Amino acid sequence: MDDMFKQMSNNSPNGIDGLAIWSTYQFDLMGKGRNFIDAWLASGDDTLFGQKLIDIFNARNVGFDKHAFYPVKY
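Residue 68 in the numbering used here is what sits at position 27 of the sequence shown, and the numbering runs on without skipping anything.
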């Protein structure tokens, strides 16, 4: 996933190369996100999956105050 994010951050979807990268990876990321949410809902363990989500953000240096972060429940 890190390579995917790196390619997306280095390429604008406004150019033909970037458009191909963004078009391809957005569906892969949506699938991964859906799988994560489905596993979360099936487990019923909000604390564990909330921490997993925060760990994903931290590993990729996504900066915001995670102490005030409340994941949306569907």
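All C-beta atoms, glycine included, are put in the ideal place defined by N, C-alpha and C.
As the structure is a prediction and not an experimental result, all values here were calculated from the model.
- [ ] With a cut-off of 8 Å on the beta carbons, I'd call M49 and I62 a contact; round off their distance for me.
- [x] One-based indexing of the sequence shown puts residue 49 at position 8. One-based indexing of the sequence shown puts residue 62 at position 21. In this structure M49 touches I62 by the C-beta definition: roughly 6 Å separates them, less than 8 Å.
Task: Residue range of the unbroken alpha helix (DSSP H) whose run includes G59 - done: Walking along the sequence shown from the start, residue 59 turns up at place 18. Segment 57–84, the alpha helix (DSSP H) holding G59.
Task: Straight-line gap, D96 to K47 (C-alpha atoms, nearest Å) - done: Your numbering for residue 96 matches position 55 in the sequence shown. Your numbering for residue 47 matches position 6 in the sequence shown. Those two C-alpha atoms are separated by around 18 Å.
Task: Residue closest to D69, alpha-carbon to alpha-carbon, out of M45, D86, G91 - done: Your numbering for residue 69 matches position 28 in the sequence shown. Ranking the options by Cα distance to D69, first place goes to M45.
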